[in-house]
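Chains as they are written, first to last, in the working numbering: chain H, -3 to 246; chain L, 361 to 768.
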């Protein structure tokens, strides 16, 4: 079967003055329909670059990326925009709602850029808001909602376009732990309903809510497997995790 | 559609910072306002001039003679002969000299009074008015005998009749250049009966005015007023006059024959040039206004970098972002344009009021903007917004979504 996401030998190399930075140093990764994958890593591990490439916000320096069977690694900006619109739903740490637009208008945005007619746009946006339980807040401005509610609106926005992949970038980072848990269980619920979710985080306690963990370090994948395997949460270079490995006898 | 949403967004962001929006629009408001005022004034002046020409008659032909000395001068008799020869073209002929002199009555001096030297043919008794449209109030106009014998008689305008004699001017005496004249006729009011207006005038036998001018040391231009039988025959009348004058002087630079229509055209084209220059100056302010919009749009793009990033991550293409900002700039300048139009119309009305108070002579002057002027300035203001909005909009469209999303 064809993989939904297929990264093959992906490099992302930046030239920072004299220095060459390998943000991604040869990554190969596949994600199938219906998976819940957490991409975990410390800052500088390359997880943000990976998310940018998976999210079609950036293209690899070399290697290929197929999304839904289509090679998107060589697309230009507008083609990428179309892929983002049709296939991806983003959930950001800072919710990234547009403050001047009300909740409904925010959720309608991806449909607007998809060229959906205004009646259908409204209908689908309200459906998406119903899924996150905020349909009655549709006339409110984002600033009138709590952080958790805003994040649910942004989830509704991600769902509205009916994407193949939901890409959540530190979705709980700005929330207190209780609302963070709510958001995570909501993502689990979405996954249970069949949506493919890719979660990017630095936090192991969040990553373990996924079914599968991909751990990045220095631009390379150092673990890829079941989220419940103890090896998924250890960090080889950090003092405590070295101790943890000893305890685990690895 | 996206258009509608961009438009609504533009209005929204204008409403959230009203002072800033107003300042942004100020250049456009001033520019459009100035254009409207200038166009209105131009229209008003043109309308006023046309009315004036209508009043004095569209059939008039003015003849000025510049040549002096020489073997032979054109005489009033030459013109009378010509008029007899071409009755189908020429309705009336009269010498029409103006004098630069002071009119006195008792201790009063009237420096602005216009003194014209004419012959009895100036007055058409069938029409009951002079070639320039004056009607008699009381008494009679200059007669053949008055003119032939250079009698010291005059016909005065209603202003002089009122101011000098309290309306009882008939038979009274006034002096022109120190010589006493008896009032034999008074004219009906045709303007507003104030000093310097069309009612502040005197008709004398033309040879007396010639003498006055010669005594003042000036040559005084030898001129005639001819009326054609109709507006259509005025160019034919002009032709026969020019033929006669050319036969006499043999040089077309010795005289000038001008019909009302030509005079009107000349005035119109002069006014047109003036208007064009003024509108160009006003247009500079529109350009400055456009630069103001560009400046604020550039700031706005920077402020809304994150919003642009969000929109791009949701699938907005470069052209979606570009059109959003262009629509916003266009909306800003369009609203500025509408305010400017209203401001301009208001100012034009103020001008009309001021002119009617200050310049009593210019009754009936009204600065009225025309629809095409309003539409053009509205169009230009929108165009300026779109033109100057393009650069910031393009900057926004080219933002990298990753950087834009991280922007604080």
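C-beta atoms are modelled at their ideal positions from N, C-alpha and C, and glycine is treated no differently.
Checklist entry - Going by other Cβ atoms of all chains shown within 10 Å of its Cβ, with 16 needed for buried, is residue 688 of chain L buried or exposed? => result In the second chain, counting from the first residue as 1, residue 688 of chain L sits at position 328. So residue 688 of chain L ends up on the buried side.
Next on the checklist: Using 7 Å as the threshold, is the C-beta distance between residue 384 of chain L and residue 650 of chain L below it?
Outcome noted: Here residue 384 of chain L corresponds to residue number 24 of the second chain, with the count starting at 1. Here residue 650 of chain L corresponds to residue number 290 of the second chain, with the count starting at 1. No, the Cβ-Cβ distance between residue 384 of chain L and residue 650 of chain L is not below 7 Å.
Checklist entry - So, does the CB of residue 386 of chain L fall closer than 7 Å to a CB anywhere in chain H? => result Position 26 of the second chain holds residue 386 of chain L. Not one chain H Cβ lies under 7 Å of residue 386 of chain L.
Checklist entry - When you compare only the Cα positions, how much space is there between residue 643 of chain L and residue 745 of chain L? => result Here the question's residue 643 of chain L lines up with position 283 in the second chain. Here the question's residue 745 of chain L lines up with position 385 in the second chain. For residue 643 of chain L and residue 745 of chain L, the distance between alpha carbons rounds to 14 Å.
Checklist entry - So residue 761 of chain L is in the alpha helix (DSSP H); what residue range does that whole segment cover? => result Taking the second chain and counting its residues from 1, one reaches residue 761 of chain L at position 401. Counting along the chain, the alpha helix (DSSP H) containing residue 761 of chain L begins and ends at 761 to 766.
Item to check | Start-to-end residues for the alpha helix (DSSP H) that takes in residue 665 of chain L | outcome: The count along the second chain starts at 1 and reaches residue 665 of chain L at position 305. Its alpha helix (DSSP H) spans residues 665 to 673.
Item to check | Where residue 138 of chain H sits in the DSSP three-state scheme | outcome: Taking the first chain and counting its residues from 1, the one referred to as residue 138 of chain H is at position 142. Residue 138 of chain H: helix per DSSP, three-state reduction.
Item to check | CB contact check: residue 638 of chain L to chain H, cutoff 7 Å | outcome: Your numbering for residue 638 of chain L matches position 278 in the second chain. No Cβ of chain H is located within less than 7 Å of the beta carbon of residue 638 of chain L.
Checklist entry - What residue ranges within the region 490 to 565 of chain L form continuous alpha helix (DSSP H) runs of no fewer than 4 residues, ordered along the chain? => result 504 to 508, 518 to 525
Checklist entry - Of the residues that make up the region 665 to 698 of chain L, which ones have a beta carbon closer than 9 Å to any beta carbon in chain H? => result 666, 667, 669, 670, 671, 672, 673, 674, 675, 676, 677, 678, 679, 680
Checklist entry - DSSP on residue 636 of chain L, reduced to helix/strand/coil? => result In the second chain, residue 636 of chain L corresponds to position 276, counting from 1. Reduced to three states, the DSSP call for residue 636 of chain L is helix.
Next on the checklist: Using beta carbons (cut-off 7 Å, strictly below), is residue 105 of chain H in contact with chain L?
Outcome noted: Here the question's residue 105 of chain H lines up with position 109 in the first chain. For residue 105 of chain H, the answer is yes, since a Cβ of chain L falls inside 7 Å of its Cβ.
Checklist entry - At what residue ranges does the region 163 to 209 of chain H contain a whole run of the alpha helix (DSSP H), taking only runs of 4 or more? => result 173 to 188, 200 to 203
Checklist entry - Alpha carbon to alpha carbon, how far is residue 47 of chain H from residue 641 of chain L? => result Counting from one through the first chain, the residue named residue 47 of chain H turns up at place 51. Counting from one through the second chain, the residue named residue 641 of chain L turns up at place 281. Going from the Cα of residue 47 of chain H to the Cα of residue 641 of chain L covers about 56 Å.
Checklist entry - Leaving out five residues before and five after residue 41 of chain H in sequence, what residues of the same chain have Cβ atoms less than 7 Å from its Cβ? => result Sequence index remark: in the first chain, residue 41 of chain H carries index 45 (1-based). Answer for residue 41 of chain H: 212, 213, 214, listed in chain order.
Item to check | residue 582 of chain L - containing alpha helix (DSSP H), residue span | outcome: Sequence index remark: in the second chain, residue 582 of chain L carries index 222 (1-based). Not the alpha helix (DSSP H): residue 582 of chain L falls in the beta strand (DSSP E), residues 582 to 588.
Next on the checklist: Which same chain residues end up closer than 8 Å to residue 560 of chain L when comparing Cβ atoms and leaving out the 5 residues on each side of it in sequence?
Outcome noted: Indexing the second chain from 1 puts residue 560 of chain L at position 200. Closer than 8 Å at Cβ, skipping near neighbours: 470, 472, 473, 474, 517, 519, 520, 554.
Checklist entry - Out of curiosity, what's the CA-to-CA distance linking residue 681 of chain L and residue 174 of chain H? => result For the purposes of this step, residue 681 of chain L is taken as residue 321 along the second chain, with counting starting at 1. For the purposes of this step, residue 174 of chain H is taken as residue 178 along the first chain, with counting starting at 1. Taking C-alpha positions only, residue 681 of chain L is separated from residue 174 of chain H by approximately 37 Å.
Checklist entry - What residue ranges within the region 429 to 471 of chain L form continuous beta strand (DSSP E) runs of no fewer than 3 residues, ordered along the chain? => result 450 to 455, 457 to 459, 463 to 465, 468 to 470
Checklist entry - What residue range is occupied by the uninterrupted alpha helix (DSSP H) comprising residue 155 of chain H? => result The residue given as residue 155 of chain H occupies position 159 in the first chain. Residue 155 of chain H -> alpha helix (DSSP H) spans 143 to 156.
Checklist entry - Per DSSP, what kind of secondary structure is residue 567 of chain L in: helix, strand or coil? => result Looking up residue 567 of chain L in the second chain gives position 207. Helix at residue 567 of chain L.
Item to check | Selection from L:390, L:733, L:754, L:406 that minimises the alpha carbon distance to residue 629 of chain L | outcome: As a first step, residue 629 of chain L must be located in the second chain, where it is residue number 269. Closest by alpha carbon: L:406.
Checklist entry - Just curious, the alpha helix (DSSP H) that residue 688 of chain L is in, first and last residue? => result Within the second chain, numbered from 1, the residue matching residue 688 of chain L stands at position 328. Element bounds for residue 688 of chain L: 678 to 718.
Next on the checklist: Can you confirm whether the region 158 to 167 of chain H touches the region 88 to 101 of chain H when touching is taken to mean that 3 or more C-beta pairs between the two stretches lie within less than 8 Å?
Outcome noted: yes
Next on the checklist: So with CB distances below 8 Å, who are the chain L contacts of residue 94 of chain H?
Outcome noted: In the first chain, counting from the first residue as 1, residue 94 of chain H sits at position 98. Under the 8 Å cutoff, chain L gives 667, 670, 671.
Next on the checklist: I want to verify the contact list: residues of chain L whose CB lies under 8 Å from the CB of residue 100 of chain H, in sequence order.
Outcome noted: The residue you call residue 100 of chain H lines up with position 104 of the first chain. For residue 100 of chain H, no chain L residue has a Cβ inside 8 Å of its Cβ, as the nearest lies near 12 Å away.
Next on the checklist: Which residues in chain H have a C-beta closer than 7 Å to the C-beta of residue 372 of chain L? List them in chain order.
Outcome noted: Reading the second chain from its first residue, position 12 is the one you call residue 372 of chain L. Simply 96.
Item to check | Check: residue 123 of chain H C-beta below 6 Å from any heavy atom of the ligand ATP | outcome: Among the ligands in the structure shown, none appear at all, so the ligand ATP cannot be discussed.
Checklist entry - Which residues of chain H have a Cβ atom closer than 7 Å to the Cβ of residue 762 of chain L, listed in chain order? => result Indexing the second chain from 1 puts residue 762 of chain L at position 402. Chain H residues near residue 762 of chain L: 48, 53, 54.
Checklist entry - If we count Cβ pairs, one from each stretch, closer than 8 Å, do we get three or more for the region 14 to 34 of chain H versus the region 71 to 86 of chain H? => result Not touching, per the Cβ criterion.
Checklist entry - If you measure from the beta carbon of residue 118 of chain H to each beta carbon in chain L, is any gap under 7 Å? => result One-based indexing of the first chain puts residue 118 of chain H at position 122. Cβ-Cβ to chain L under 7 Å: no for residue 118 of chain H.
Checklist entry - Between the C-alpha atoms of residue 9 of chain H and residue 61 of chain H, what's the straight-line distance to the nearest angstrom? => result Within the first chain, the letter at position 13 stands for residue 9 of chain H. Within the first chain, the letter at position 65 stands for residue 61 of chain H. Rounded to whole angstroms, residue 9 of chain H and residue 61 of chain H show a C-alpha spacing of 16 Å.
Checklist entry - Which residues of chain L have a Cβ atom closer than 9 Å to the Cβ of residue 78 of chain H, listed in chain order? => result Start at 1 with the first residue of the first chain, and residue 78 of chain H comes out as number 82. By Cβ distance, chain L contributes 675, 677.
Next on the checklist: Do residue 741 of chain L and residue 697 of chain L have their beta-carbon atoms positioned less than 7 Å apart in this structure?
Outcome noted: Reading the second chain from its first residue, position 337 is the one you call residue 697 of chain L. Reading the second chain from its first residue, position 381 is the one you call residue 741 of chain L. Yes, these two residues count as a Cβ contact at 7 Å.
Checklist entry - Interface residues of chain L around residue 199 of chain H at Cβ under 8 Å? => result In the first chain, the residue the question calls residue 199 of chain H occupies position 203. Those do not exist, as residue 199 of chain H stays about 19 Å from chain L at its closest Cβ, beyond 8 Å.
Item to check | For residue 389 of chain L, three-class secondary structure by DSSP | outcome: Locating residue 389 of chain L in the second chain gives position 29, where the first residue counts as 1. Three-state result, residue 389 of chain L: helix.
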